[in-house]
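Peer 1:
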Amino acid sequence: MDKGGKTIDYGELIIPVTVVAYIAYNLGMQFYEGYHTSTIAYGLLLAFPLLICLGSIVWGVFRGKVATRPHFALKAPVMLLAVNALLVALLPFIGYQIAFAIYLVAAMRWFHVKSWLKIGLLTVAVVVIVHLVFVMWMEVPLPQGVLFEEGN
Amino acid sequence: MDAFFDSNVWAGLCIAASQIWVVPIGVFVGILVGALPGLGASNALAIFLPMLLSMPVSMALIFATSLYCGAEVGGSYPAILINIPGTGSAAVAAFDGYPMAKMGKPAQAMGVSIFASFVGGIMGGIVCLTCTPIISKFALSLSSVEMTVIIMFGVVVLGQMSSGGLAKGLVAGIFGLLVATTGSDPIWGHARATFGSLYLADGIPVIAALIGLLAFSELMAAMEDAVNSDSTQPQQAMMTNASLGYSGIFDGFRMTIVRWVNTIRSALIGVFIGAVPGAGASIASFVAYQQAANFSSPEDKQTFGKGNPDGIIAPEAANNGVVGGSLIPLLTLGIPGSSSMAVLMVVMAYEGLAVGPRLLEQNGDIVYALLWTQFTAALVMLILGTICAYFIYRMAYISLSVMIPIVSVFALIGGFAMRQFTFDMVLVLVFGVLGYVMKKYKYPPPAMLLGIILGPLLEANMFRGLKIGLGDPMVFFTRPLSAMLWGLLLLTFILPVLFNRMRSQKKRKN
């Protein structure tokens with residue numbers, strides 16, 4: 000945005016604004032849920048960061064030109080995020096074996112890995128390693144899914 | 000030096016020598032477990048506890064110590080190669096290790112990490128064998144007041160982590176400190192900023208946060224780069240024969256030897272902080288990193304966070320020094336300073352050893368066997384670590400098209416492994432987005448991470464310290480030990496400036 004000859008990139012303010020919002024929520028909840036002995040100490044603890052971040056926001060808005068505006072090609076990172084979010088959402092239902100296998104095949108095809116043999120081998124290798132090392136050896140209880148859960 | 004005239008010292012050496020075959024197995028298992036995202040030494044020791052209890056006591060303790068040493072070096076492998084640290088201390092190694100690997104020097108980065116770990120282990124052993132009673136006495140005289148000042152050594156690293164300016168470093172660090180206040184209040188136990196979620200009642204899980212901020216954000220950035228450059232091949236062009244294979248790893252050894260002052264200083268920091276109950280490897284790594292950055296030349300200082308070998312040496316030497324240091328309060332007073340040491344104490348208590356101040360008197364041979372094992376474990380770690388690194392460093396050269404899907408799967412598992420909630424996988428994604436935005440606008444994610452790791456420790460110790468001082472903050476300045484520590488902290492800022500002035504004056508004269 001152009002403000003009196005000054006270019007302001009409001010993206011610069013995302014982090015300080017998030018911090019201020021976090022503090023506001025935090026303190027708001029403390030007072031909303033009833034006064035605690037800890038509230039005053041906590042309020043004092045939060046006052047310093049609040050001031051720094053508010054200062055940073057004011058400085059960001061009123062200072063001179065932004066030197067370089069970062070280049071965003073958001074499509075690919077957002078797709079990665081969406082696919083991973085879908086993977087996490089599906090994990091409890093279809094289990095880690097199927098979810099990881101589908102995800103790996105889909106992602107590698109998306110990245111133009113052409114050889115189906117390579118995709119298949121890598122997918123099987125990763126799922127087997129995850130099963131042997133994490134689930135069997137280290138006893139990490141990854142979601143089994145509705146189909147594989149005991150009793151089904 | 001009296002220790003060397005004690006018969007237990009030599010009896011311990013005999014026990015350690017007779018059980019030496021356990022050491023490579025322990026170190027190897029430790030490296031494997033440490034290299035798994037989200038898992039560290041304490042997880043490995045807890046999992047192996049039933050097996051440890053079924054072994055003879057000396058063998059169990061030697062195996063556990065070897066495993067602990069191996070896990071510390073193993074943790075740095077994924078941190079350096081794919082930016083997925085399994086622990087807070089490994090995260091510090093990722094600050095410079097990953098950029099160095101990205102510069103086409105993964106073998107050197109791993110060489111630096113292995114040799115610094117080796118020196119850390121050896122220094123830990125030497126200090127343990129010679130100064131155990133003195134250090135344990137000193138460590139126990141440190142209260143929460145002094146711990147607050149020690150943690151401040153780590154917090155001031157914020158000033159060194161500001162590629163986008165000091166203000167951005169501060170804002171990121173403060174954000175981390177704030178996020179660290181999520182969960183129960185350390186003194187009164189009231190819930191804070193949990194967004195109504197029970198999953199956050201214990202606070203933000205550090206592992207999920209660090210994997211999100213470092214690894215997942217990097218994957219998102221890599222996706223963008225891959226699309227922009229229309230290439231899914233990483234830094235193959237930067238590969239040279241000198242940076243590959245054993246020659247690259249040995250080059251890393253050489254880099255560490257050349258920086259011997261930083262290596263030894265960091266190892267000693269690790270030993271002393273390790274000896275303080277509750278301090279641990281994360282604080283040691285941050286403090287060592289801060290010292291390394293402060294004592295480097297102004298030109299060198301600019302390269303911290305961008306692949307400076309000193310930035311790998313400091314945390315790696317320190318976190319292996321912690322292994323030796325944390326044995327000191329356990330063996331001399333029966334106080335386990337960390338969860339890993341608690342497992343060792345369980346083994347000792349189960350086997351009927353006199354855990355506590357009389358341990359040295361009644362089971363001195365076993366105590367010294369444990370201390371001697373640190374040397375063999377360090378040596379085996381150097382050999383096995385090098386062999387493993389020779390095969391593993393190639394991961395840095397795998398094409399992005401294969402790397403991104405596989406790493407994202409392991410990042411999610413790493414986030415899940417610690418607390419075993421699917422919710423933590425969601426947190427990996429949330430912190431990933433946050434890290435991505437921060438990187439774009441030059442807010443340093445490591446500074447936020449520092450806040451998240453040190454925040455709970457700082458808050459708990461600060462409020463406990465205030466209670467000791469009956470609410471008067473002057474308690475942090477008036478106690479002799481804390482005043483001395485503040486003095487040391489100030490010196491770490493003043494001395495480098497003086498040294499640099501002297502250096503530049505010498506240059507002018509020449």
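Line by line, the protein sequences give chains A and B.
Heads up: the first sequence begins at 0 in numbering that gives the first Met the number 0, then just goes up one per residue.
Heads up: the second sequence begins at 0 in numbering that gives the first Met the number 0, then just goes up one per residue.
Note that CB positions come from ideal geometry on N, CA and C, so glycine has one too.
Taking CB distances under 7 Å as the criterion, tell me whether M107 (chain A) reaches chain B.
Peer 2: Yes, M107 (chain A) lies at the interface with chain B (some Cβ there is under 7 Å from its Cβ).
Peer 1: Rounded to whole angstroms, how far is the Cβ of R528 (chain B) from the Cβ of Q290 (chain B), which I believe are closer than 8 Å?
Peer 2: One cannot answer for residue 528 (chain B) here, as it falls past the ends of chain B, which runs 0 to 509.
Peer 1: So, is F194 (chain B) buried or exposed, given that buried needs 16 or more other C-beta atoms within 10 angstroms?
Peer 2: By the neighbour-count rule (16 or more Cβ atoms within 10 Å), F194 (chain B) is not buried but exposed.
Peer 1: With a threshold of 7 Å between beta-carbons, can A20 (chain A) be considered close to chain B, or not?
Peer 2: By this cut-off, A20 (chain A) is not an interface position.
Peer 1: Look up R191 (chain B) in the DSSP assignment and give the residues it is bridged to.
Peer 2: B:G182.
Peer 1: Give a single yes or no on whether A208 (chain B) has its beta carbon closer than 6 Å to a heavy atom of the ligand FMN.
Peer 2: Annotation note on the ligand FMN: not contained in the displayed structure, which lists no ligands.
Peer 1: What's the C-alpha gap between P84 (chain B) and A16 (chain B)?
Peer 2: C-alpha separation (whole angstroms): 34 Å.
Peer 1: Identify whether Q107 (chain B) lies in helix, strand or coil by the three-state DSSP scheme.
Peer 2: If DSSP states are grouped into helix, strand and coil, Q107 (chain B) belongs with the helices.
Peer 1: How should R191 (chain B) be labelled, buried or exposed, when 16 other C-beta atoms within 10 angstroms of its C-beta is the threshold for buried?
Peer 2: So R191 (chain B) ends up on the buried side.
Peer 1: Under 7 Å, Cβ to Cβ, is there at least one residue of chain B near G214 (chain A)?
Peer 2: Any question about residue 214 (chain A) goes unanswered here, given that chain A covers just 0 to 151.
Peer 1: Relative to the C-alpha of Q18 (chain B), which residue among B:L369, B:F475, B:V427 is closest?
Peer 2: When each option's Cα is compared against that of Q18 (chain B), the closest is B:L369.
Peer 1: Flag this pair as touching only if the region 99-118 of chain B and the region 371-382 of chain B have three or more C-beta atom pairs under 8 Å; answer yes or no.
Peer 2: The region 99-118 of chain B, when compared against the region 371-382 of chain B, does touch it at the 8 Å Cβ threshold.
Peer 1: Rounded to whole angstroms, what is the Cα-Cα separation between V16 (chain A) and A171 (chain B)?
Peer 2: Whole-angstrom Cα-Cα distance: 12 Å.
Peer 1: What is the DSSP secondary structure of Y440 (chain B), counted as helix, strand or coil?
Peer 2: Three-state DSSP puts Y440 (chain B) in coil, outside helix and strand.
Peer 1: Listing by chain order, which chain A residues have their CB less than 7 Å from the CB of Q301 (chain B)?
Peer 2: Chain A residues near Q301 (chain B): none, gap ~18 Å exceeds 7 Å.
Peer 1: DSSP state of H111 (chain A), grouped into three classes?
Peer 2: Coil at H111 (chain A), not helix or strand.
Peer 1: According to DSSP, is K136 (chain B) part of a helix, a strand, or is it coil?
Peer 2: Reduced to three states, the DSSP call for K136 (chain B) is helix.
Peer 1: Does the beta carbon of S55 (chain A) come closer than 7 Å to any beta carbon on chain B?
Peer 2: Interface residue, yes.
Peer 1: Quick one: what does DSSP say M50 (chain B) is sitting in, helix, strand or coil?
Peer 2: It is helical.
Peer 1: Taking contact to mean at least 3 C-beta pairs separated by less than 8 Å, is the region 296-313 of chain B in contact with the region 333-344 of chain B?
Peer 2: Cβ pair count under 8 Å is below three, so no.
Peer 1: Could one say the Cβ of I128 (chain A) lies closer than 7 Å to chain B's Cβ atoms, at least one of them?
Peer 2: No, no contact with chain B.
Peer 1: When you compare each of A:I51, A:L80, A:Q96 to I128 (chain A) by their alpha carbons, which one comes out closest?
Peer 2: Comparing Cα positions, the closest option is A:Q96.
Peer 1: Can you list the residues of chain A that R463 (chain B) reaches, using a CB-CB cut of under 9 Å?
Peer 2: What R463 (chain B) touches in chain A: nothing, since even the nearest Cβ is about 12 Å away.
Peer 1: Let me know if A376 (chain B) comes out buried or exposed under the rule of 16 or more other beta-carbons within 10 Å of its beta-carbon.
Peer 2: Its Cβ being crowded by 16 or more others within 10 Å, A376 (chain B) is buried.
Peer 1: Just mark C52 (chain A) as buried or exposed, buried being the case when its beta carbon has 16 or more other beta carbons within 10 Å.
Peer 2: With 16 or more Cβ atoms within 10 Å of its Cβ, C52 (chain A) is classed as buried.
Peer 1: Extract the residue ranges of the alpha helix (DSSP H) inside the region 331-405 of chain B, only unbroken runs of 4 or more that lie entirely within it.
Peer 2: Within the region 331-405 of chain B, the complete alpha helix (DSSP H) runs of at least 4 residues are 338-349, 358-361, 363-391.
Peer 1: Within the 7 Å Cβ cut-off, does F133 (chain A) reach chain B?
Peer 2: By this cut-off, F133 (chain A) is an interface position.
Peer 1: Could you tell me whether any Cβ in chain B is nearer than 7 Å to the Cβ of A75 (chain A)?
Peer 2: Closer than 7 Å to some Cβ of chain B, the Cβ of A75 (chain A) qualifies, so yes.
Peer 1: Counting Cβ pairs, one atom from each stretch, are 3 or more of them under 8 Å apart for the region 145-157 of chain B and the region 415-424 of chain B?
Peer 2: The region 145-157 of chain B, when compared against the region 415-424 of chain B, does not touch it at the 8 Å Cβ threshold.
Peer 1: Can you name the start and end residues of the alpha helix (DSSP H) that V134 (chain A) belongs to?
Peer 2: Note, V134 (chain A): premise wrong, no alpha helix (DSSP H); not H, not E.
Peer 1: Check whether the Cβ atoms of A92 (chain B) and E315 (chain B) sit closer than 7 Å, and answer yes or no.
Peer 2: For A92 (chain B) and E315 (chain B), yes; Cβs fall inside 7 Å.
Peer 1: Could you tell me whether the region 66-80 of chain B touches the region 21-34 of chain B, where touching means 3 or more Cβ pairs closer than 8 Å?
Peer 2: Yes: the two stretches touch, three or more of their Cβ pairs being nearer than 8 Å.
Peer 1: Return the first residue and the last residue of the alpha helix (DSSP H) that I493 (chain B) is part of.
Peer 2: Start and end: 479-508.
Peer 1: Exposed or buried, P308 (chain B), counting other C-beta atoms within 10 Å across all chains shown (16 or more means buried)?
Peer 2: Looking at its Cβ environment, which holds 16 or more other Cβ atoms inside 10 Å, P308 (chain B) is buried.
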